[in-house]
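Student: Here the sequence shown is numbered in my numbering, starting from 55 and rising by one per residue.
For each residue, glycine too, the CB sits at the ideal point set by N, CA and C.
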Amino acid sequence: MTSDRFTDEDFLFLKEKIFQLAGITLTEKKKDLVKSRVQSFLRKSEIGSVDELKQELQNSNPAVIQKFVNLMTTNKTDFFRESKHFDYLIYELIPQWKKEKKTEIKIWCSASSTGEEPYTIAMVLLKHLPKNTSFKILATDIDTQVLRKAQNGVYPISKSSEIPEQYQPFLSKGKKNVEGWFKVADEIHSKISFKQHNLIENTYPGDELFEVIFCRNVLIYFERKTINTLMEKLHLSLKPHGHLFIGHSESISGTQHLFATIQPAVFRKASV
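1. Counting along the chain, where does the beta strand (DSSP E) carrying D197 start and finish?
2. At 4 residues or longer, what runs of the alpha helix (DSSP H) sit wholly inside the segment 55–133?
3. How long is the line joining the alpha carbons of I159 and L68, rounded to whole angstroms?
4. How should P210 be labelled, buried or exposed, when 16 other C-beta atoms within 10 angstroms of its C-beta is the threshold for buried?
5. H182: which of S244, F313, I72, Y142 sits nearest, CA to CA?
6. Within this structure, are the beta carbons of K121 and S99 separated by less than 9 angstroms?
7. To the nearest whole angstrom, what separates the beta carbons of L107 and L96, a pair I think is in contact under 8 angstroms?
8. In whole angstroms, what is the alpha-carbon distance linking R59 and L87?
9. Would you kindly work out how many angstroms separate the C-alpha atoms of A239 and R135, rounded to a whole number?
10. When you compare the segment 296–309 with the segment 179–199, are there three or more beta-carbon pairs, one atom per stretch, that lie closer than 8 angstroms?
11. In three-state terms, what does DSSP make of R202?
12. Note the first and the last residue of the continuous beta strand (DSSP E) segment covering Y142.
13. Pick from H302, T283, V92: whose alpha carbon is nearest that of L312?
14. On the DSSP letters alone, give me the boundaries of the beta strand (DSSP E) that Y209 sits inside.
15. Taking C-beta to C-beta, are K323 and K293 nearer than 9 angstroms?
16. What number of angstroms, rounded off, separates the C-alpha of H77 from the C-alpha of K229?
17. Any idea if G308 is buried or exposed, counting beta-carbon neighbours within 10 angstroms, 16 or more meaning buried?
18. Would a C-beta distance cut-off of 9 angstroms place A204 and F236 closer than the cut-off?
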């Protein structure tokens, strides 16, 4: 039988644990949200109480740790969210890459959630890049549950309204028993590699460098020290003059020596 008890001490423990594991900062106003998520999790879990959950986390049970991280992350995203970033890709970066005669483009979506962001980027590149220019997108997230959804590439038909008309041919809309859903076309899906990755870890995915890194709407969950460390890592992961996109409500103040501001939420790697 699951206990609904949830104390201030429980919140403080879980708050510290998610900060240690994922760098996420939870304020006091998030207490009710955390309580609701934890109690919902316990009702569906073999773990019967908050005390048991805390003990499993203390014991570093890897399966429970991953479920806890999945539970504490927020995954709000849309296709073509913050569309000015994609306009910048189309009207600034792609013409620049054409001029430089680039034959391959590498992009990293570092907090890709349920996949709408990397699929959007793939649609834009497939539509606007020259045919002789290939591209690869690495899509990572700390949350294994949302990564599975992203890899499936299947979404409710209502989300197709987020996608402009010129990109609709990249969608395969379901019929009969899958009516009400759409799947991203294979030619889009094949351009993306999905991988679990924790942004606060010291190891970064692969040795390759990227023309563009998307790190959008994740900095809002980090404290300033964590952001500064992350920016240093992202700077190292970009090619010379590579670009970083962050969310429009986010800031990287304190790391201006690493990035030159191009326009709001768009930065270019600086030489340091």
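Tutor: On the basis of the supplied data:
1. Where D197 is concerned, there is no enclosing beta strand (DSSP E), given that its DSSP letter is neither H nor E.
2. 62–76, 85–98, 104–112, 116–126
3. 40 angstroms
4. exposed
5. Y142
6. yes
7. 7 angstroms
8. 14 angstroms
9. 20 angstroms
10. no
11. helix
12. First-last for Y142: 138–142, but that is the alpha helix (DSSP H), not the beta strand (DSSP E).
13. T283
14. 208–210
15. yes
16. Residue 77 is actually Gly in this sequence, not His. Answer to the nearest angstrom: the Cα atoms are 43 angstroms apart.
17. exposed
18. no
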